[in-house]
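Protein chains: 2
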Amino acid sequence: MTRQDLFQKILEKKSYLCVGLDTDLDKIPKHLLSAEDPIFEFNKAIIDATRDLCVAYKPNLAFYEAQGLKGWAALEKTVQYIGNEHFTIADAKRGDIGNTSKMYAKAFFQNMNFDSVTVAPYMGEDSVKPFMEFDGKWVILLALTSNNGSMDFQFSHDLFKIVLRTAQSWGTPNNLMFVIGATHPERFIEIRKIAPNNFFLVPGIGAQGGDLAKVSEYGMNEHCGLLINSSREIIYASNGEDFAEKARLAAKKVQKQMQEFLLKRF
Amino acid sequence: MTRQDLFQKILEKKSYLCVGLDTDLDKIPKHLLSAEDPIFEFNKAIIDATRDLCVAYKPNLAFYEAQGLKGWAALEKTVQYIGNEHFTIADAKRGDIGNTSKMYAKAFFQNMNFDSVTVAPYMGEDSVKPFMEFDGKWVILLALTSNNGSMDFQFSHDLFKIVLRTAQSWGTPNNLMFVIGATHPERFIEIRKIAPNNFFLVPGIGAQGGDLAKVSEYGMNEHCGLLINSSREIIYASNGEDFAEKARLAAKKVQKQMQEFLLKRF
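Respectively, the protein sequence lines represent chains A and B. In terms of our numbering, the first sequence is residues 1 to 266. In terms of our numbering, the second sequence is residues 267 to 532.
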């Protein structure tokens, strides 16, 4: 999916919501556990309930790997079920020496047809570039994350800014996005100066305390430039039989706010 | 496996070799491709041929994930086949917010019974700690990697030293190792001052140009403190029917050098 396509979808749907599929057998409704593939059944219902309200889905690889073979199978089915109308993100935080990153790229882009993968920057350019060698695919590079641990190294000599600046020469706004956590809303102003045109994947709204209004105000650019993720607040809005319906309501609530912010701008 | 157990195995086997299982269907001998599970058949033969010469095995997750479900199944069988007499490393370079790292830890420690997992430090303490909450398991934290990209951020304001120092308070030499690439042998002296007691997992010998003698001289501590990895030079020493035999010869060559370095010290 191109940047222009993604922007078009945002305008059509009046939403820049990404729904995070952190599907956990301990948290999904009990009545699904007797299904042949409870993870997929849950995802399918969540996707059906939110398809028109979001522009992206982000399965979190850890939750699938924690279920071993069954988890991996459910992930493959989920990506297929999402289809081509949404931007898909393999939230995998990968990154290794060149020949190894190439194998991860093969796993996510070639075998599973994800549009993008989240990549950790620590190992530098040759760990990131192999993901960029797939036409039409995206790297979403960690820059400033939403967790408390972001304070440990990312602010050390402003490492996150060094990452943002250095990575500008590795890719373009057409194949490179950055992860910028919603828990640092005031930082979006200076970050937009370094990376004016890249899309940002923004975790940390909701459970982690990020502020949608501030992030939208400070972070939006002329192609919107934001994909704001919500996982737990949407997919676990209820753990009863009404879980899909409640997930839709939670997604709708966020989408309505996004619609307002978009209307102010476009 | 405890640090003392690992040191005992090193002394018994006169080896601190880790064999990297970067098993690639494009590189294994052609005659194996007709087997029901070529990846496992290859690994089984390599393990049988090297078991007495090494103390650790390190499957590289990317190579298994690139084969999808079949790869994941082959990985599970491989870890089981290695058994409990070797230190096992899930070379996965994971690291994410706390609740997600916990899921990765579950995947590698609980479901697959690996002894250790490689973890990327970028997201800080709360991304690393969940891996340390499993008794008897190890984190191997990236500090100074062997690839060219290590120059991009790891030397920026000596980030690798900041990582080494900061992580000292997260774990102990009994549950925390560091990745230190063999391509920076002169750095081992200063690194040993910061982390005198931790084991180092050392990639980069062989294909990447690292120097076994220098690394052993500068890096060894009183519990040996080194696990030196070799992947391609051993497992792809031949791609004919004699691949296992040639892998054994290649491993034997490295083990003999290690025996000399150990004899000088212990």
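Here a beta-carbon is modelled for each residue, glycine too, at the ideal position from N, C-alpha and C.
Please list the terminal residues of the continuous alpha helix (DSSP H) segment that includes B/Ile457.
As a position in the second sequence, residue 457 of chain B is number 191, starting the count at 1. It spans 454-460 - the alpha helix (DSSP H) in which B/Ile457 sits, taken as one unbroken run.
Put A/Val55 into one of helix, strand or coil per three-state DSSP.
By one-based count along the first sequence, residue 55 of chain A stands at place 55. The answer is coil: DSSP assigns A/Val55 none of H, G, I, E or B.
Extent of the continuous alpha helix (DSSP H) to which B/Met486 belongs
Indexing the second sequence from 1 puts residue 486 of chain B at position 220. Here B/Met486 belongs to no alpha helix (DSSP H), and DSSP marks it neither H nor E.
Measure the CB-CB distance between A/Ala74 and A/Asp26 and report whether it falls below 8 angstroms.
Within the first sequence, numbered from 1, the residue matching residue 74 of chain A stands at position 74. Within the first sequence, numbered from 1, the residue matching residue 26 of chain A stands at position 26. One thing to note: A/Ala74 has its Cβ no nearer than 8 angstroms to the Cβ of A/Asp26.
Three CB pairs or more closer than 8 angstroms across the region 12-30 of chain A and the region 221-232 of chain A:
In this structure the region 12-30 of chain A lies against the region 221-232 of chain A, because at least three pairs of beta carbons, one per stretch, are closer than 8 angstroms.
Using DSSP bridges, identify the partner residues of A/Leu270.
The structure shown does not extend to residue 270 of chain A, since chain A is modelled only from 1 through 266, so no value can be given for it.
Identity of the residue in B/Pro295, B/His297, B/Val321, B/Asp288 nearest B/Asp271 by Cα
For the purposes of this step, residue 271 of chain B is identified with residue 5 of the second sequence, where counting begins at 1. Closest by C-alpha distance to B/Asp271, out of B/Pro295, B/His297, B/Val321, B/Asp288, is B/Val321.
Just to confirm my understanding: we take A/Glu65, look at its own chain, exclude 5 residues before and 5 after, and list those with CB closer than 8 angstroms. What are they?
Within the first sequence, the letter at position 65 stands for residue 65 of chain A. Once the five neighbours on either side are set aside, the close Cβ partners of A/Glu65 are Gly71, Trp72.
Go through its chain and collect everything with a Cβ distance to A/Gln255's Cβ below 6 angstroms, but skip five positions before and after it.
Mapped onto the first sequence, residue 255 of chain A falls at position 255. Only Ser15, Leu17, Leu53 meet the Cβ criterion.
Does the region 174-192 of chain A come close enough to the region 420-428 of chain B that 3 or more CB-CB pairs lie under 8 angstroms?
With a cut-off of 8 angstroms, the region 174-192 of chain A and the region 420-428 of chain B do not count as touching, because too few Cβ pairs lie within range.
Going by Cα to Cα distance, which pick from A/Ile46, A/Arg3, A/Gln154, A/Leu33 is closest to A/Ile237?
To locate residue 237 of chain A, count along the first sequence from 1; it is residue 237. Before going on, a small fix: residue 237 of chain A reads as Ala here, not Ile. Looking from the CA of A/Ala237, the closest CA among A/Ile46, A/Arg3, A/Gln154, A/Leu33 belongs to A/Ile46.
Please tell me whether B/His423 has its Cβ less than 8 angstroms away from any Cβ of chain A.
Here residue 423 of chain B refers to the residue found at position 157 when the second sequence is read from its first residue. Judged by the 8 angstroms Cβ criterion, B/His423 is in contact with chain A.
Can you tell me which of B/Lys359, B/Lys480, B/Glu507, B/Val383 puts its alpha carbon nearest to the alpha carbon of B/Leu299?
If you number the second sequence from 1, residue 299 of chain B lands on position 33. Selection B/Lys359, B/Lys480, B/Glu507, B/Val383 evaluated against B/Leu299 yields B/Glu507 as nearest (Cα-Cα).
Assuming B/Ala513 contacts B/Thr316 under a Cβ cut-off of 8 angstroms, what Cβ separation, rounded to an integer in Å, is found between them?
Walking along the second sequence from the start, residue 513 of chain B turns up at place 247. Walking along the second sequence from the start, residue 316 of chain B turns up at place 50. Cβ atoms of B/Ala513 and B/Thr316 come within 8 angstroms of each other, at about 6 angstroms.
Can you check which of these residues, B/Lys459, B/Val394, B/Gly447, is closest to B/Val405 by C-alpha distance?
Numbered from 1 along the second sequence, position 139 holds the residue referred to as residue 405 of chain B. If we check each option's Cα against that of B/Val405, B/Val394 comes out closest.
Please say whether B/Asp392 and A/Asn147 have beta carbons closer to each other than 8 angstroms?
Counting from 1 along the first sequence, the entry for residue 147 of chain A is found at position 147. Counting from 1 along the second sequence, the entry for residue 392 of chain B is found at position 126. Taking 8 angstroms as the cut-off, the beta carbon of A/Asn147 is found closer than this to the beta carbon of B/Asp392.
One question on the structure: do B/Phe419 and A/Gly204 come within less than 8 angstroms of each other, judged by their Cβ atoms?
Locating residue 419 of chain B in the second sequence gives position 153, where the first residue counts as 1. Locating residue 204 of chain A in the first sequence gives position 204, where the first residue counts as 1. No, Cβ-Cβ distance for B/Phe419 and A/Gly204 is not below 8 angstroms.
Where B/Trp404 falls: helix, strand or coil (DSSP):
Against the second sequence, residue 404 of chain B aligns to sequence position 138. B/Trp404 falls in the strand class under three-state DSSP.
Does the beta carbon of B/Ile428 come closer than 8 angstroms to any beta carbon on chain A?
Taking the first residue of the second sequence as 1, we reach residue 428 of chain B at position 162. Yes, B/Ile428 counts as interfacial toward chain A.
State the Cα-Cα distance for the pair A/Gly83 and B/Val383, rounded to the nearest angstrom.
The residue labelled residue 83 of chain A in the question sits at position 83 within the first sequence. The residue labelled residue 383 of chain B in the question sits at position 117 within the second sequence. Roughly 33 angstroms between the two C-alpha positions.
For the region 98-116 of chain A, list every residue whose C-beta sits within 9 angstroms of some C-beta in chain B, in sequence order.
Flagged, chain order: Gly98, Asn99, Thr100, Ser101, Lys102, Met103, Tyr104, Ala105, Lys106, Ala107, Phe108, Gln110, Asn111, Met112.
Can you pull the chain B residues whose beta carbon is under 7 angstroms from the beta carbon of A/Glu125, in chain order?
Residue 125 of chain A sits at position 125 when you count from the first residue of the first sequence. Those are Gly415, Asp418, listed as they occur along chain B.
Would a check of beta-carbon distances place B/Asn505 closer than 8 angstroms to chain A?
Locating residue 505 of chain B in the second sequence gives position 239, where the first residue counts as 1. No, no contact with chain A.
What's the call for A/His86, buried or exposed, on a 16-neighbour Cβ count within 10 Å?
By 1-based counting over the first sequence, the position of residue 86 of chain A is 86. Answer is buried; the Cβ neighbour count reaches 16.
For A/Gly206, which residues from the same chain have a beta carbon less than 6 angstroms from its beta carbon, with the 5 sequence-adjacent residues on both sides left out?
Within the first sequence, numbered from 1, the residue matching residue 206 of chain A stands at position 206. Within the same chain, A/Gly206 has close Cβ partners Ser230, Glu233.
Go ahead and pull the three-state DSSP assignment for A/Ser267.
This structure cannot settle anything about residue 267 of chain A, because the visible part of chain A is limited to 1 through 266.
Alpha carbon to alpha carbon, what distance is there between A/His31 and A/Thr78?
In the first sequence, residue 78 of chain A corresponds to position 78, counting from 1. In the first sequence, residue 31 of chain A corresponds to position 31, counting from 1. Within the model, the alpha-carbon separation for A/Thr78 versus A/His31 is close to 20 angstroms.
So, is the C-beta of B/Lys359 closer than 8 angstroms to a C-beta in chain A?
One-based indexing of the second sequence puts residue 359 of chain B at position 93. Chain A contact via Cβ: present.
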